Structure formats: C-alpha cells, structure tokens
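This report refers to the structure that appears directly beneath it.
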Ligand code: HEM
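Residue numbers (our numbering): 3 to 478.
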C-alpha cells in the first residue's frame, strides 16, 4: 500500500472552534441590536462581486472583518450576515422551523424550479413535500441502486479516449443524470430513443451544457431577485417544460402509477389533506428540482475529487490500491474511499453557501441581529477554519479516517429540516463511481496547476470541468 504524505509530528488532524453563544433571544431579553461589521463597498458592487466571484469575496472579507460580517442588501434596512462559526450554524440548524426558515425560496433557483418545490417552499407545504419524498431517498431504497450506478459508471468509462484531455464534470454528469432519471422515472439505463424520457434527458444535457458557457453568468444576473425567469433563461425553460409535460402526460395516460416504484409514480398518486392531487405545474416544479439538484451537484463533487486526487499523489495511490484490492465490488476495507469523499466535500463543497431568515432577534457571538435578518452560512469558510481543520488548504483524506464528520463542522449537505434530501444517494453514487474510476483507470492532470473554482448559479465548480487525461484503462 502506498505511504501517505507524512504529517508534521505534532500536527493535529481535527480541532475545535472556541465557543460562540448563538440562538434566538428569550422574549424578556431586551438586548439592543449589535450588527457585525459591514463590507465597505457600494451596494451594487457587493452584489455583483458576490454573484460572480463569491469565493474570493468571502475569503477576503472574512480575513478583513472577522468570522461574522455583513453586507448590505439592495433594500435600505436589509441586513444580510455571513457567518462561519459552528455554534452559529448549530443554532440555525436546530431552530424551530418557523424561527429560521430557509432562504432557498429567494435564491437564484426560484425562477427555474418555481415556488412550490420541496427546495423552494417553506412552512407546512415544505414539510408535506419533504415527508412525501423522503422514503425513496432512504438508505434501503438507495442501496438497491448500487448495481445500476456501477453499470452506468462502467458504460461511461468505456467511452473515454486514451491520452486526450477530457472534462470529468461533463463525463460524471452523464452518469449522475442516468442515475437520477432512473430513480425519478423508473427507466433503467439510457431511456430508449423516441420516448419522452429520452427527449427530456437530451434536453437537460443540452441545457446544462449551455449553463457552463461564460454568457450564462449574464443570464443569472438578469434573473437575480426575480420570481419568474426572464430573457434567454425563460426561452430555455419553455423548451424544457415542453419535454417535462410530455413525460407527465405520457404517464397520466398510461395510468400505471400504482404498479410502479419510481418517484414520478409516487407523486402522481399523492394528494393533499383535501384529497387533491398535485397539479401538472406542481409536478413539473418537483421533477425539475430533483433532476437539477440531483445530478449536477454530485457530478461536480466527483469531478472535484479527481481534480484534487491527481494533484495529491499519495492519496491517489492509496485510493487506487484500495479500489484494486480484493474482488468485493463495493469494498472499502479501511474507510479510505469514504474519507476521500469527506475530504473532497470539505475542501470543495459544491454548494458553498446556504441561508436562513431569522424571525426573532438572534445572537451570533458578540452580535445581535434584528428579526427578519438573512443569515448566510458559508460552508466554504467553515470548512476552511484553521482551528477546526489545521492546514485547511491541504487535501488530507486522513483527517476523516475512522472519524465521523461533525454535524456542525462538516456541512456540505446543509442541515436540520432542510438537510439535502439526496445526501444518501449522493454518497452512494460517489462511493461507487470513485471506486470504479480508481479501479479501472489511471488519470493525470492536463495542467499541473490546481483548477480554480468557478461560481455558477448556486454551485462552485472546477473552472475547466476537472480536465484530465486517461493514461491506462482496465476492463470493467
Ligand atoms: C454531492 C451532491 C450534493 C450536494 C453537495 C448537495 C447539497 C445540498 C445542500 C447544501 C442543500 C441545502 C441544505 C440546507 O439548506 O440546509 C441541499 C438540498 C437539497 N438537495 Fe442536495 N446535494 C447533493 C445531491 C443531491 C441529490 C442526489 C439529490 C436528489 C434528488 C438532492 C436533492 C436535494 C433536495 C430536494 C434539497 C432540498 C431539501 C429541503 O429543502 O428540504 N441533492 N442539497
């Protein structure tokens, strides 16, 4: 087995942040508002920088203003705070749902997936949708997908050219899109040509391809703070909707939902308390949410894993050793695969920031925010705290060897009642695909310099899609 890059003798792998009291103030607590320091930039410039260069933006202002800071929103009295302290995160994740609802309903996703999906709804509607959708994403349900994921990975790896640059993010998307489509529509493998599911899959691939082009950022800016999409995004969505509605019509006509186990069939049978089924528009919002949330994130997380690994030889060698030892298809004897995924998601969280709106005056360490404030938890900054993760910019899977990541210090899937619904599926996909690639291929970086992170919509992705070349491939 390859040796690991040695740590300095006295280096700790994981540490702890000093405590910082946080939570809603008790009704009798009349403490005055004490706002964190504000970023000294004009409002429009802040918004632009945050939207286009969020990564540099948060690291810079954390360095200059401390772990809790504020930027001024577009409205005069709007308070938007960014924090990266585990105690602050805990106070928001464990809050009563009405005290700190999610901000996803106001995020750039809203014009795309609408206001009604499990991702964008809040309150009782959110809880209802979440309860409905949880069972197909539970461990047991997901375990049934392992073989299908392995087959999708093998099919994809077989197509990779040797000694030519390939962009792993889009290669991973081919796998994760097939997996999520199988779960949602119950189609095993690639949907057959000429079916509405196949047209939908092809349209999604095309739309995702467009969204990585540079002009897409402009479309995002056009849609900031909008409820309905505008401009080119509107036209693109109209095209996508046509395909989704065709799939829904096709299924309604078939009338076989009760005999099927896929998620669309489950949604077609669901009713609210009055017995009313979901409308086509509600179904569309839910399906698009699951397809979009469910494949690009996982694909980019896998791309990041190899972006890091091909530049960290000791960790990569050990992964290949583990993946190639024994013949149990899904073995991870010493937990190295799991640790590699945990470290990838720590150092390159695909969703770098999540938000809640506090509905009561709330303490965050030395500060007190008024009711109605938005609070953004920077996953990226939290995951790069020197006190929690010594040497935070190094890629060291050994931090997580035999260690369960902390609920409030490792939060790539968010937390509380809004924790990612697909986390178990995403972990299973990463385990199986990481292992298959490490077992079957040898990859090298096309450019030895680390790939920069690029911010796109709500995700943080490798700027060049994690470009690698395959130098050797073994049979599946
Ligand atoms: C590596 C892959 C993934 C990452 C990093 C990720 C990350 C996240 C994050 C950060 C949130 C917000 C949590 C919060 O606000 O506390 C979220 C929510 C969500 N994710 Fe994922 N996700 C991934 C894969 C998936 C998959 C495979 C699905 C499958 C359908 C999925 C479906 C959802 C849904 C439906 C929500 C909304 C949950 C709610 O608001 O109740 N995600 N995800």
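Cβ atoms here follow ideal geometry from the backbone N, Cα and C, with glycine treated the same way.
Every value quoted in this text rests on a predicted model; they were computed, and no experiment measured them.
Proximity test, residue i beta-carbon vs the ligand HEM heavy atom, cut-off 8 Å
i           : result
residue 142 : no
residue 114 : no
residue 276 : no
residue 351 : yes
residue 135 : yes
residue 249 : no
residue 303 : yes
residue 432 : yes
residue 188 : no
residue 296 : yes
residue 139 : yes
residue 182 : yes
residue 95  : yes
residue 425 : yes
residue 308 : no
residue 201 : no
residue 174 : no
residue 177 : no
residue 419 : yes
residue 344 : no
Assigned secondary structure, residue i (DSSP; H/G/I helix, E/B strand, else coil)
i           : result
residue 473 : strand
residue 185 : helix
residue 292 : helix
residue 65  : helix
residue 74  : strand
residue 89  : helix
residue 113 : helix
residue 279 : strand
residue 456 : strand
residue 464 : strand
residue 41  : coil
residue 505 : Because residue 505 is not part of the residues shown, which for the chain are 3 to 478, the question remains open.
residue 3   : Unreliable placement is indicated for residue 3, whose pLDDT of 47 sits below 50; the coordinate value is still reported in the next sentence. Here residue 3 sits in coil by DSSP.
residue 194 : coil
residue 314 : coil
residue 18  : coil
residue 34  : coil
Cα-Cα separation, residue i to residue j
i           : j           : result
residue 98  : residue 364 : 13 Å
residue 201 : residue 244 : 10 Å
residue 3   : residue 342 : Unreliable positioning characterises residue 3 in this predicted model, as indicated by a pLDDT of 47, which lies under 50. The coordinate reading is nonetheless provided below. Whole-angstrom Cα-Cα distance: 16 Å.
residue 163 : residue 444 : 12 Å
residue 143 : residue 265 : 11 Å
residue 252 : residue 258 : 10 Å
residue 347 : residue 303 : 7 Å
residue 247 : residue 284 : 11 Å
residue 369 : residue 389 : 21 Å
residue 310 : residue 393 : 15 Å
residue 280 : residue 134 : 12 Å
residue 260 : residue 254 : 11 Å
residue 362 : residue 21  : 22 Å
residue 31  : residue 268 : 47 Å
residue 433 : residue 360 : 36 Å
residue 473 : residue 456 : 27 Å
residue 40  : residue 72  : 5 Å
residue 381 : residue 294 : 20 Å
residue 168 : residue 307 : 15 Å
residue 148 : residue 181 : 10 Å
residue 297 : residue 29  : 43 Å
residue 186 : residue 475 : 32 Å
residue 406 : residue 125 : 31 Å
residue 470 : residue 447 : 5 Å
residue 480 : residue 351 : The shown model of the chain, from 3 to 478, leaves out residue 480, and the question about it has no answer.
residue 383 : residue 321 : 27 Å
residue 272 : residue 113 : 25 Å
Chain D within 9 Å of residue i, Cβ atoms only
i          : result
residue 61 : Structure shown: chain D not included; a single protein chain is present.
Residues that residue i bridges to, as DSSP identifies them
i           : result
residue 241 : Paired residues: none, contrary to the question.
residue 444 : 474
residue 97  : None; residue 97 has no bridge partner.
residue 206 : Paired residue(s): none; residue 206 is not in a bridge.
residue 25  : 365
residue 104 : 358
residue 82  : 73 and 376
residue 273 : 279
Checklist line | Entirely enclosed alpha helix (DSSP H) segments - the segment 353 to 439, minimum 4 residues | finding: Here the runs fully enclosed are 381 to 384.
Next item on the list: At 4 residues or longer, and completely inside the segment 144 to 190: list those alpha helix (DSSP H) runs for me, N to C.
Entry: 148 to 159 and 170 to 187
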